[in-house]
Amino acid sequence: MSAGRVVIVGGGASGIILAARLLGRPDSRLKVAIVEPREAIGAGVAYSTDEPAHLLNTRAGSMSAYPEDPDHFWRWLLQSGAAADLDCSDPFCFVSRRLYRRYLADLVAPWLAELGGDGRLQWIQASAVDVSQTATGVAVALDDGRTEIGRAAVLATGHAVPASGAGAPYASAWSSPAALGIEPADDVLVLGTGLSMIDTVVALSRAKHRGRILALSRHGLLPQVHRRSHPLKLDAADIPFGTQTSFLLHWLRDTVRWAASEGRDWRDVVDALRPHTQTLWQALPLSAKSRFIRHARTYWEVHRHRMPPEAEQSIRAAVATGRLAIRAGRLLGVEAGEDGQKAARIRLRGGAEEVRGFHHVLDGTGILRDPAADTSSLVGRLVSRGLARTDPLRLGLDVDGTCALVGADGQASPRIFAVGPLTKARFWEITAIPDIRVQCASLAQTVAARIAAPEPTREVAAVV
Amino acid sequence: MLTMKGKYGLKAMVHLAGAPDGRLTLSEEIARSHSISKKFLDAILGELRNAGFVHARKGRGGGYALSRAASDIRVGHVLRVLDGPLAPIPCASRTAYRRCDDCRDEEACAVRLVMLEVRNAISAVLDNRTLAELAAMPGLLDEDSRSRELALNA
Numbered sequence: 000m001s002a003g004r005v006v007i008v009g010g011g012a013s014g015i016i017l018a019a020r021l022l023g024r025p026d027s028r029l030k031v032a033i034v035e036p037r038e039a040i041g042a043g044v045a046y047s048t049d050e051p052a053h054l055l056n057t058r059a060g061s062m063s064a065y066p067e068d069p070d071h072f073w074r075w076l077l078q079s080g081a082a083a084d085l086d087c088s089d090p091f092c093f094v095s096r097r098l099y100r101r102y103l104a105d106l107v108a109p110w111l112a113e114l115g116g117d118g119r120l121q122w123i124q125a126s127a128v129d130v131s132q133t134a135t136g137v138a139v140a141l142d143d144g145r146t147e148i149g150r151a152a153v154l155a156t157g158h159a160v161p162a163s164g165a166g167a168p169y170a171s172a173w174s175s176p177a178a179l180g181i182e183p184a185d186d187v188l189v190l191g192t193g194l195s196m197i198d199t200v201v202a203l204s205r206a207k208h209r210g211r212i213l214a215l216s217r218h219g220l221l222p223q224v225h226r227r228s229h230p231l232k233l234d235a236a237d238i239p240f241g242t243q244t245s246f247l248l249h250w251l252r253d254t255v256r257w258a259a260s261e262g263r264d265w266r267d268v269v270d271a272l273r274p275h276t277q278t279l280w281q282a283l284p285l286s287a288k289s290r291f292i293r294h295a296r297t298y299w300e301v302h303r304h305r306m307p308p309e310a311e312q313s314i315r316a317a318v319a320t321g322r323l324a325i326r327a328g329r330l331l332g333v334e335a336g337e338d339g340q341k342a343a344r345i346r347l348r349g350g351a352e353e354v355r356g357f358h359h360v361l362d363g364t365g366i367l368r369d370p371a372a373d374t375s376s377l378v379g380r381l382v383s384r385g386l387a388r389t390d391p392l393r394l395g396l397d398v399d400g401t402c403a404l405v406g407a408d409g410q411a412s413p414r415i416f417a418v419g420p421l422t423k424a425r426f427w428e429i430t431a432i433p434d435i436r437v438q439c440a441s442l443a444q445t446v447a448a449r450i451a452a453p454e455p456t457r458e459v460a461a462v463v
Numbered sequence: 000m001l002t003m004k005g006k007y008g009l010k011a012m013v014h015l016a017g018a019p020d021g022r023l024t025l026s027e028e029i030a031r032s033h034s035i036s037k038k039f040l041d042a043i044l045g046e047l048r049n050a051g052f053v054h055a056r057k058g059r060g061g062g063y064a065l066s067r068a069a070s071d072i073r074v075g076h077v078l079r080v081l082d083g084p085l086a087p088i089p090c091a092s093r094t095a096y097r098r099c100d101d102c103r104d105e106e107a108c109a110v111r112l113v114m115l116e117v118r119n120a121i122s123a124v125l126d127n128r129t130l131a132e133l134a135a136m137p138g139l140l141d142e143d144s145r146s147r148e149l150a151l152n153a
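Structure representation (structure tokens):
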């Protein structure tokens, strides 16, 4: 029997799945508080969209919150009646992200008093501005002056979001066309040609946008599209861990060729690596990690994080009608142009520098950002106070194998943990539900055990 | 299966793990102390270099060194580069798969199925051992020092 309170900072998918795990433990009397400025449950960067054409980028059959019950989401789809009005006859289908948000809310409903639950989960609508640890627990300071006390805290603040608002250079591709004030005839430059760009184009198409869209990235590569795949079974014994990036890619290509000779698809190989990606990443020496990020990441991402067939159709239609151009190139700068437009200095691959006018420049360059760049954010503050530190490549926060936050002194915190994309420096592939749910399962166990352990008596009660 | 290549490569890596920090070791020296043909050893070291486990410098003052700390290099990782997927028999492999000539159905072959289990045990052992640990247990792989030890015990 463990009693105590866990404060989770962030109410997106990672925070919700972790909360469901903690509260759903048998015999548990644990209480959980989720601190989240947004009102909607599960509305992090991934699932806040209300656009019905924004689909999950993972098939429904892989989106269960519980690794030991892989059909949990699929059953929810059938039982909630949501699948009835969808064209969804088997688990290889891609449903809307706002529907997944409803699933996330349903996951924690049994404990939320507002939804008729037992009240062991509290939704605290506020921003966390600081976290401190004491000898017996944690204190999470909120922007409204209150403080939430718990026995442990978990940071689930997700991806570092690019600066937005009047002072920001570009508008966020993670906002709706309406919120961005994009008129149907406006010309739009999207930086990036990945899944965020696709979301933007899909939303613009649905809003009857007819202006021109230029999507620009270093390689001009689009994500590959999902097909039904039958992953190979690869064991650890098959995979060349610890080798340099070039060797690993060589092996991957060889294996794909071998699989093709057996009549299989490359997706069967890429998906077969899923259970091993974290081990692969952790076995890479730092030099190989940095080379991977510089040279191989884009290729990895477009094969690993694919788009649903519906999104591909929408993109193809936009390209076919000349509304959308996808180009390799660089944005050299943006200045104020004529008629309130933005003059973008662009160099397309193999071309000369040119200036083009756009009504909007959107940042869809994805999720690789220094998590502590914004020193006013909670993570930025924890790093500047030495309670947390970034990894050498500034991908995320440094955590140990149990997801405990590692401070500037190299010591793992006994009570502050991190989960989800914030931990990608250690786990790399920790941005999709099938990876996050495994992490949540083991972290819930760690946190529950830590809280149940008797208090260390010799520890000096000092607020860090 | 541990091939000659895998065995010699591992011995060379353990040898390099014992070299002082920053010092490059000539392949002649490694070849001599383990009675390996230098030509074979150079080919092995070339493969280990491609995989990023050793650094090499040519010319005067050149030689080989580990590209990272011996405590960061796993024995199983080195062997996969030299021998391919770890497997006790060729057909007990998921990739680079070689079916036996006399095999009618590899999915139903009990020998193969148990050998697939064996290889998981092999990788569990070898991936848990670092080169540093191997270098700290002379006598287990280094035949020279073992024969010396045997002589002392005699």
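Residue numbers (numbering that gives the first Met the number 0), protein chains in the order written: chain S, 0 to 463; chain D, 0 to 153. Cβ coordinates follow ideal geometry from the N, Cα and C atoms, glycine included. From a predicted model like this one, the values you see are computed outputs, not experimental measurements.
- In terms of beta-carbon proximity, P109 (chain S) stays away from the interface with chain D, with every pair separated by 9 Å or more.
- DSSP places I345 (chain S) within a strand segment (E or B) once states are collapsed to three.
- From the beta-carbon of G60 (chain D), no residue of chain S is found nearer than 8 Å; the closest lies around 23 Å away.
- Within the same chain, and ignoring the five residues on either side of A282 (chain S) in sequence, the residues whose Cβ sits closer than 7 Å to its Cβ are F240 and G241.
- By the 16-neighbour rule on beta-carbons within 10 angstroms, N56 (chain S) is buried.
- At a C-beta separation below 7 Å, P183 (chain S) has no neighbours in chain D, since its nearest C-beta there lies roughly 52 Å away.
- Within its own chain, the residues whose Cβ lies closer than 7 Å to the Cβ of G8 (chain D), once the five positions on either side in sequence are excluded, are I43, L47, V77 and L81, listed in chain order.
- Contact check between the region 181-194 of chain S and the region 349-365 of chain S: three or more CB pairs, one atom from each, fall below 8 Å, which counts as touching.
- Counted as a single uninterrupted DSSP element, the alpha helix (DSSP H) harbouring V107 (chain S) occupies residues R96 to V107.
- Per the C-alpha coordinates, the member of S:L331, S:R145 and S:V269 positioned closest to V301 (chain S) is S:V269.
- The region 59-68 of chain S and the region 423-441 of chain S touch, with no fewer than 3 CB-CB distances between them shorter than 8 Å.
- Those residues of the region 48-81 of chain D placed with their C-beta closer than 9 Å to a C-beta in chain S are N49, A50, G51, F52, S66, R67, D71, I72, R73, G75, H76, V77, R79 and V80, ordered along the chain.
- DSSP, reduced to helix, strand and coil, places A18 (chain D) outside both helices and strands of the structure shown, so it counts as coil.
- For P176 (chain S), the secondary structure class from DSSP, reduced to helix, strand or coil, is helix.
- The DSSP assignment places 377-383, 423-426 and 432-451 as complete runs of the alpha helix (DSSP H) inside the region 363-451 of chain S, in order along the chain (cut-off: 4 residues).
- Taking 8 Å as the upper bound for CB-CB distance, T422 (chain S) and V398 (chain S) are in contact here, some 5 Å apart.
- Taking D101 (chain D) as reference, the option from D:S92, D:R111 and D:A95 with the minimal CA-CA separation is D:R111.
- With contacts defined as CB atoms closer than 9 Å, S383 (chain S) and T156 (chain S) fail to qualify as a contacting pair.
- For T146 (chain S), the uninterrupted beta strand (DSSP E) run begins and ends at T146 to G149, by DSSP.
- Not flagged as an interface residue toward chain D: P51 (chain S), since no C-beta distance is shorter than 9 Å.
- Taking a beta-carbon distance threshold of 9 Å, Q243 (chain S) counts as an interface residue toward chain D.
- Taken in chain order, the complete alpha helix (DSSP H) segments of 4 or more residues contained in the region 240-270 of chain S are 244-260.
- Judged by DSSP in its simplified three-state form, R226 (chain S) adopts coil rather than helix or strand.
- Residues of chain D with a Cβ closer than 7 Å to the Cβ of T276 (chain S) do not exist; the shortest Cβ-Cβ separation is about 16 Å.
- Counting C-beta pairs with one atom in each stretch, the region 93-100 of chain D and the region 221-235 of chain S have three or more that are closer than 8 Å, which means they touch.
- Every alpha helix (DSSP H) stretch that sits fully inside the region 272-356 of chain S and reaches 4 residues is listed by chain position as 276-282, 285-290, 296-303 and 308-319.
- A residue is called buried once 16 or more other Cβ atoms fall within 10 Å of its Cβ, and D126 (chain D) is buried on that count.
- Under the 9 Å criterion on CB atoms, T94 (chain D) is classed as interfacial with respect to chain S.
- Of all residues in the region 277-307 of chain S, only A282, P284 and A287 place a beta-carbon less than 7 Å from a beta-carbon of chain D.
- Proximity to S171 (chain S) across S:V44, S:L22, S:V6 and S:I429 peaks at S:V44, based on C-alpha coordinates.
- Just measuring C-alpha positions, the residue of D:M12, D:D20 and D:P19 sitting nearest S26 (chain D) is D:M12.
- Note that the region 207-222 of chain S does not touch the region 76-91 of chain S; fewer than 3 beta-carbon pairs, one per stretch, sit closer than 8 Å.
- Contact between the region 125-133 of chain S and the region 106-116 of chain S is absent: fewer than 3 CB-CB pairs across the two stretches fall below 8 Å.
- Residue-level contact by beta carbon fails for L386 (chain S) and chain D, as no gap is shorter than 9 Å.
- Taken through DSSP and simplified to helix, strand or coil, Y96 (chain D) comes out as coil.
- Between the region 331-342 of chain S and the region 145-155 of chain S, the count of Cβ pairs shorter than 8 Å is below three; the stretches do not touch.
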